Amino acid sequence: MQAIGPNPFLFIGAVLFVCGVICMTTKRNGIGVLMGVELVLNGANLNFITFSRFTPLGLDGQVFSLFVIVLAAAEAAVALAIALNFYNNHLTIDVDRGDELHG
Amino acid sequence: MNTAEIILFWLFAALTCGGAVSVCVSQNVVRMAFALVLTLGSTAVLFLLLGADFVGATQLLVYVGGTLVLIVFGVMLTATGPFTRIKSSAADGILSGLIGVIFLFIVASTVTSVRWVDTDDGQGIASKITLGAHLTKAEGGFNPAQQGNTTRQLGLSFLSIRPDRDLNLGVRPATSEKPKLSTGYLLPFEIVSVHLLVVLVGAAYLARTKRRTKT
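For the protein sequence lines, the chains are A and B, in the order given. By numbering that gives the first Met the number 0, the letter at position 45 of the first sequence is numbered 44, and the numbering carries on one by one without gaps. By numbering that gives the first Met the number 0, the letter at position 4 of the second sequence is numbered 3, and the numbering carries on one by one without gaps.
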């Protein structure tokens, strides 16, 4: 069997990205939207690591993926706090109910 | 890559894609969280197969161990029943699936039509990436990228020391002036650490218990 090039990894990254975008746009559950964001960030991370392996990008791609992981953790903490506040105010986490700011 | 690595790659590639699709398809939040655990863990194995051992371990520790536990706590704290379903309609599901397939075709065909790796006739993208005017790729340097064992280099690059780029700079005869050193990541590291502190304080402030308002 021949060695695996970057294209299968990039295809997996594309699958993660598309699934994350679809998850973000179609889920009505707020936690589901959060999971879609995590999927998109993982697709980007996989692309970073792939290019750090197969191109002269080298270690910089791994450093950037570490930053992405840390910022995703921070984003999940804040988004979860917002979701808890939303649940306290609305007694549901359906994002379609958060329409009080419409003009 | 040997045969075992190739088999592992296809196994965990299938697990990653299947987990991602089932996160999209499932309507149950708890099952979505489990599929997300599967996806993120398989992605960590893919990172390890790509030679990024420290990033793979960090993915397991921070994502699967930290962020996913946080999300599961969010599911537990916001669920009104044991298996909460907030359903979308079936027409929405069909439409979004159709759009997703088209979108995936566009992205995947674009990405895979580029020849990223150098081939024999020199048509790849990889040799055209410039690292900066004074830099070439260090041949036989500190540690080749595909060997793994990146922990020490990552730690040094967070201290703005780059042995993976700079180790063989002095022996190049073409330049008469002193070689410039590569940039590291000390300032972004400090910024991200302060950012994490501020974010955690802010999240604890936002999520504190308050009296529930009447609806």
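Glycine residues also receive a C-beta, built at the ideal position from the N, C-alpha and C atoms. Every value quoted in this text rests on a predicted model; they were computed, and no experiment measured them.
Proximal residues to residue i (C-beta, below 7 Å), its chain only, five neighbours per side dropped
| i | result |
| --- | --- |
| L14 (chain B) | L37 and S41 |
| L48 (chain B) | E4, L7 and F8 |
| F11 (chain B) | S41, V44 and L45 |
| L76 (chain B) | none |
When the options are compared against residue i, the one with the closest alpha-carbon
| i | options | result |
| --- | --- | --- |
| L153 (chain B) | B:W115, B:G99, B:A89 and B:F53 | B:F53 |
| S87 (chain B) | B:M31, B:L185 and B:S25 | B:S25 |
| I70 (chain B) | A:A82, A:L65, A:H89 and A:R52 | A:A82 |
| I92 (chain A) | B:A202, B:V28 and B:F8 | B:V28 |
| L9 (chain A) | A:V20, A:I48 and A:G60 | A:I48 |
| A80 (chain A) | B:R114, B:L103, B:T2 and B:T66 | B:T66 |
| T149 (chain B) | B:A56, B:N1, B:C23 and B:V20 | B:A56 |
| V69 (chain A) | B:G73, B:L60, B:V74 and B:F72 | B:L60 |
Residues of its chain near residue i, where Cβ-Cβ distance is below 8 Å and the 5 sequence neighbours each way are ignored
| i | result |
| --- | --- |
| G31 (chain A) | C22 |
| N88 (chain A) | none |
| V68 (chain B) | none |
| V193 (chain B) | none |
Closer than 7 Å at the beta carbon, the chain A residues around residue i
| i | result |
| --- | --- |
| D91 (chain B) | T25 |
| D165 (chain B) | Going along chain A, no residue has its Cβ under 7 Å from D165 (chain B), so there is no contact; the nearest lies around 12 Å. |
| M31 (chain B) | G31 and M34 |
| L103 (chain B) | A13, V14 and V17 |
| G99 (chain B) | V17 and I21 |
Neighbour list for residue i in chain B, Cβ cutoff strictly below 7 Å
| i | result |
| --- | --- |
| L9 (chain A) | V110 and T111 |
Test: residue i CB closer than 9 Å to a CB of chain A
| i | result |
| --- | --- |
| S87 (chain B) | yes |
| V193 (chain B) | no |
| L10 (chain B) | no |
| I160 (chain B) | no |
| L153 (chain B) | yes |
| L180 (chain B) | no |
| L186 (chain B) | no |
| A132 (chain B) | Low local confidence applies: a pLDDT of 45 at A132 (chain B) is under 50, so the model's placement there is unreliable, with the coordinate-based value given in what follows. Judged by the 9 Å Cβ criterion, A132 (chain B) is not in contact with chain A. |
Neighbouring residues, chain B, relative to residue i (Cβ below 8 Å)
| i | result |
| --- | --- |
| G77 (chain A) | Correcting the residue identity first, residue 77 (chain A) is Val in this sequence and not Gly. By Cβ distance, chain B contributes V198, G201, A202 and L205. |
| L70 (chain A) | V191 and H194 |
| L100 (chain A) | In chain order: nothing, as chain B lies at least about 17 Å away. |
Per-residue contacts from residue i into chain A (C-beta, under 8 Å)
| i | result |
| --- | --- |
| V74 (chain B) | I30 |
Chain B contact for residue i (CB, 9 Å cutoff)
| i | result |
| --- | --- |
| A43 (chain A) | no |
| E37 (chain A) | yes |
| G97 (chain A) | no |
| G19 (chain A) | yes |
| L58 (chain A) | yes |
| L65 (chain A) | yes |
Same chain, Cβ closer than 6 Å to residue i, five either side skipped, listed in chain order
| i | result |
| --- | --- |
| L15 (chain A) | L38, N41 and G42 |
| D98 (chain A) | none |
Proximal residues of chain A, C-beta to C-beta of residue i below 9 Å
| i | result |
| --- | --- |
| L69 (chain B) | A72, A75, A76 and L79 |
| T15 (chain B) | I11, V14, L15, N41 and L45 |
| A3 (chain B) | By Cβ distance, chain A contributes nothing, its closest Cβ being about 11 Å from A3 (chain B), past 9 Å. |
Given a limit of 8 Å on CB to CB distance, which residues of the segment 33–56 of chain B reach chain A? L35, T38, L39, T42, L45, F46, L49, G50, A51, F53 and V54
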